[in-house]
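A.B. asks: Below you'll find the structure I mean.
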Amino acid sequence: MYAVGTAVQIWLGEQIWLSGVVVAHQPPAVWVRTEDGRAWFVTNRRRIRQEENLDAD
């Protein structure tokens, strides 16, 4: 499970990943607040991943 404060991306389908931050745990899932301010209850591990660093050298 991702720790509160972890930068993640959530899958919305159609190859769309939204960036956000884990803000709370509520089994069986986590709450993620996306950059646009919306909160998402994410239950499926395949629909969440740790934020990728796209600025890597």
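Under the numbering used here, residues 6 to 62 are what the sequence shown spells out, in order.
Every residue gets a Cβ at the ideal spot worked out from N, C-alpha and C, and that includes glycine.
#1: Which class does residue 50 belong to by DSSP, given the choice of helix, strand or coil?
#2: Using CA coordinates, which residue listed in 38, 52, 11 is at the minimum distance from residue 19?
#3: What did DSSP end up calling residue 55 once you bin it into helix, strand or coil?
#4: What is the rounded straight-line gap between the Cα of residue 57 and the Cα of residue 27?
#5: Per DSSP, residue 17 forms a beta bridge with which residues?
C.D. replies: Quick look at the numbers:
#1: The residue you call residue 50 lines up with position 45 of the sequence shown. Helix, per DSSP.
#2: As a working note, residue 19 is residue 14 in the sequence shown. If we check each option's Cα against that of residue 19, 52 comes out closest.
#3: As a first step, residue 55 must be located in the sequence shown, where it is residue number 50. In the structure shown, residue 55 sits in a strand (DSSP, three-state: E or B).
#4: In the sequence shown, residue 57 corresponds to position 52, counting from 1. In the sequence shown, residue 27 corresponds to position 22, counting from 1. So the two alpha carbons sit approximately 15 Å from each other.
#5: Position 12 of the sequence shown, counted from the first residue, corresponds to residue 17. Residue 17 pairs with nothing; no bridge assigned.
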